[in-house]
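Let me begin by presenting the structure, written as structure tokens, before commenting on it.
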Amino acid sequence: FPDSLRHRTLPAMPLTLDRRLLIQGSLLGLGALALPGLAQAMTAQGFTHGVASGEPSGNSVLLWTRYVGSGETNLRCEVAADEAFSKVVSGGEVIASPEHDNCAKLVVTGLAPNRWYHYRFIAPDGSISDVGRTRTLPTGHVARFGIGLFSCSNMPFGFFNAYAHAAKRDDLDLVIHVGDYLYEYAPNGSYPAKAMAGREVQPDHEILTLADYRLRYASYRLDPDLQALHRRFPMLAQWDDHELANDAWMNGAENHQSETEGPWSARRAIAERVYREWMPVSDTPYNSFQIGSLATIFRPETRITGRVEQLDFARALAGKDDIARAMIEFRDGAWQDPARTVMGAAQEQWLNREIAQSVKSGTRWQVLAQQIVMGSLKSPTEMADITPNGADPKVRQALTGIAAASKVGLPFNMDSWDGYPAARERLLRAAREAEANLVVLSGDSHNAWGQNLSLDGAPVGVEYAGHSVTSPGFESYLPSVAPQNLARALQGANPGLSLCDASRRGYVSLDLTQDSVRGAWHFMSTIAARTTTGTTQEERVVNWGTHAFAAV
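Start counting the sequence shown at 1; every next residue gets the next number (UniProt numbering).
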């Protein structure tokens with residue numbers, strides 16, 4: 001389900017109250033000084049949130065840390081081939097400034113391809129940050145590459161065991177986070193109704209101001225498992241909607257009310273600014289990364305760069321006497337409008353051109369790492385019949401509506417690529433015309449999907465759609481329905497659906513070779529306690545040139 005159907009506590013830290021910092025904090029957003037926990041987050045001194053790296057190339061990588069001093073602080077960065085830093089091979093200087101919430105980022109260059117490196121930051125007083133591990137991308141012929149895929153990490157729902165499990169692995173070279181790295185909601189009240197003990201976040205209300213967004217990142221980034229993941233691997237990250245507000249699009253969001261929360265443009269600008277402060281990312285909204293001869297990883301932006309507003313069943317059918325006829329008119333009209341874009345014309349042209357160039361250069365795999373589910377997903381027509389009698393009336397109403405939509409060929413989630421079928425067809429057609437070996441990576445839905453993507457009845461690629469780190473899926477809306485029965489019904493309604501899990505949390509890992517991509521969905525035994533024991537997995541493999549999952 002999309003979220004619209006709808007913790008770790010800040011640890012004790014030695015604090016030095018600094019009036020200048022408190023004054024600066026008061027300028028970060030309306031009412032900043034009244035925010036619970038602000039004194040802790042704004043006055044902790046030194047290196048406060050570990051280290052991170054991202055966006056590697058064959059000879060460079062972006063490095064991140066956060067250091068709080070009495071004002072602007074010049075940090076020295078060192079990069080070495082060994083953890084003892086016996087020989088520093090690269091580095092530089094960077095300023096941690098209160099203007100950017102004391103976050104510091106720099107790109108280090110002059111590195112060798114396909115190498116692991118260690119890095120650290122050093123403050124003027126001699127204090128040293130955590131030591132991070134990162135790596136450059138390989139060039140030339142590449143036999144193998146490992147990727148971890150993550151999405152949808154709502155801290156108040158549970159522990160980040162997926163991050164902890166991946167952080168212990170030695171077969172990953174890069175991690176990709178396709179969005180909902182954090183959530184904008186109040187930790188108690190709606191999503192979830194009450195935060196799990198020990199997983200509360202700050203501030204204690206929905207984030208809206210500059211200070212709010214910064215404090216929410218500060219809360220999340222204190223989680224030890226998230227810090228461990230960042231410390232161990234470089235990351236490619238892209239926001240989805242909750243880094244801004246639920247069901248965001250170019251000019252608004254479902255969870256933004258301009259009449260009481262101010263202009264969307266202001267909130268969007270704040271959210272983008274803080275994301276770039278706190279994440280190991282550049283300011284480039286979309287780009288690509290080359291894994292030598294093996295793969296090109298494309299990182300488009302499918303949420304706000306060019307996305308038009310999501311369609312709404314209720315709005316389309318309001319006031320209509322003949323619902324069945326109105327649904328058909330909706331299906332044949334607004335839903336298929338070619339002007340409805342996910343990425344916008346300029347980005348579509350960029351991606352189509354880059355996919356074709358990747359194939360032409362001899363690269364084996366074209367990997368599209370983006371935010372939302374691409375494969376078509378329709379509801380079983382019997383969905384309303386399996387709704388438990390005691391279900392939330394809003395859930396029952398939604399299920400009845402999507403079951404009726406399915407009967408006329410409409411999908412159930414208009415916030416995914418399913419809500420923009422013409423844009424999806426253009427992308428898949430461009431991939432087929434380029435003769436790409438397309439592997440799509442996605443998140444957002446909270447459930448696990450392995451899909452064969454097709455166009456005009458012919459296979460064009462596969463999709464590894466990851467389940468969430470903690471955010472709830474179908475199991476929270478249909479608690480009395482056996483997950484295996486729901487999965488069976490969904491697969492029966494969607495012939496391209498090779499794998500479906502509607503009840504467990506976790507992440508996906510992928511093993512890319514010249515001949516195949518093997519993806520595994522890792523399922524955590526629980527998120528109610530901090531543990532990785534009992535983790536299980538299911539796999540799907542696509543062989544080069546087949547454009548579909550191998551039979552299981």
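Glycine is no exception: its CB is placed at the ideal position from the N, C-alpha and C atoms.
Scanning its chain for C-beta atoms nearer than 6 Å, with the 5 sequence neighbours on each side dropped, one finds around Arg424 the residues Trp417, in chain order.
Residue environment for Glu382: exposed (fewer than 16 other C-beta atoms within 10 angstroms of its C-beta).
The beta-carbon separation of Leu490 and Leu478, rounded to 11 Å, does not stay under the 8 Å limit for a contact. Rounded to the nearest whole angstrom, the C-alpha separation of Asp82 and Thr134 is 11 Å.
When rounded, the separation of the alpha-carbon atoms in Arg307 and Gln371 is 12 Å. 8 Å or more divides the Cβ of Leu455 from the Cβ of Arg488. DSSP, read as helix, strand or coil, puts Trp239 in coil. Positions of the alpha helix (DSSP H) runs, each at least 4 residues long and wholly inside the stretch 399 to 465, are given as 421 to 433 in order along the chain. Contact annotation: the stretch 264 to 278 does not touch the stretch 334 to 346, with fewer than three C-beta pairs closer than 8 Å.
Note: Asp511 is bridge-paired with Gly146 and Arg518 in the DSSP secondary-structure output. CA-CA distance, Ser445 to Ala465, rounds to 8 Å.
According to the DSSP secondary-structure assignment, Arg216 is paired through a beta bridge with no residue. Shown here, Lys320 sits in coil according to DSSP, grouped into three states, outside any helix or strand. Annotation for Phe289: the continuous beta strand (DSSP E) segment containing it runs Asn287 to Ile291.
With 16 or more other CB atoms across the displayed protein chains lying within 10 angstroms of its CB, Gln238 is buried. Per the DSSP secondary-structure output, Asn74 pairs in a beta bridge with Ile95.
Leu63 and Val108 do touch by the CB rule: their CB atoms are close to 6 Å apart, below 8 Å. Bridge partners of Cys500 according to DSSP: Trp449. For a cut-off of 8 Å, the C-beta gap from Leu236 to Arg299 is around 6 Å, short enough to register as a contact. Each of Ser293, Ser442, Thr531 and His522 was checked against the Cα of Gly362, and the nearest Cα belongs to Ser293. As computed with DSSP, Ile128 is found in a beta bridge with Ile122. Contact check between the stretch 215 to 235 and the stretch 50 to 66: three or more CB pairs, one atom from each, fall below 8 Å, which counts as touching. CA-CA distance, Leu222 to Leu215, rounds to 11 Å.
For Thr533, same chain residues with a beta-carbon under 7 Å away, outside a window of 5 residues either side, are Ser525 in chain order. If you draw a straight line from the Cα of Ala84 to the Cα of Ser90, it is about 14 Å long. Taking C-beta atoms as the reference points, Asn447 and Val462 fail to come closer than 8 Å.
A distance below 7 Å between beta-carbons, with the five flanking residues on each side excluded, links Thr302 to the following residues of its chain, in chain order: Val342, Met343, Gln370, Gln371 and Ile372.
A residue is called buried once 16 or more other Cβ atoms fall within 10 Å of its Cβ, and Val359 is buried on that count. For the 8 Å CB-CB criterion, Thr284 and Gln290 do not form a contact. At a cut-off of 3 residues, the continuous stretches assigned as beta strand (DSSP E) that sit fully inside the stretch 290 to 370 are 295 to 299 and 365 to 369.
If you draw a straight line from the Cα of Arg267 to the Cα of Val142, it is about 43 Å long. Membership of Thr48 in the beta strand (DSSP E) is indicated by the continuous run Gly46 to Gly54. Distances from the alpha-carbon of Phe121 to those of Ala529, Gly92 and Asp515 put Gly92 closest. Listed in chain order, the non-local C-beta contacts of Tyr67 below 8 Å within the same chain comprise Gly46, Phe47, Thr48, Thr73, Leu75, Ala96, Asn102, Ala104, Phe121, Ala123 and Ser129, local neighbours out to five positions each way being set aside. In the three-state reduction of the DSSP assignment, Lys105 falls in the strand class, which pools E and B.
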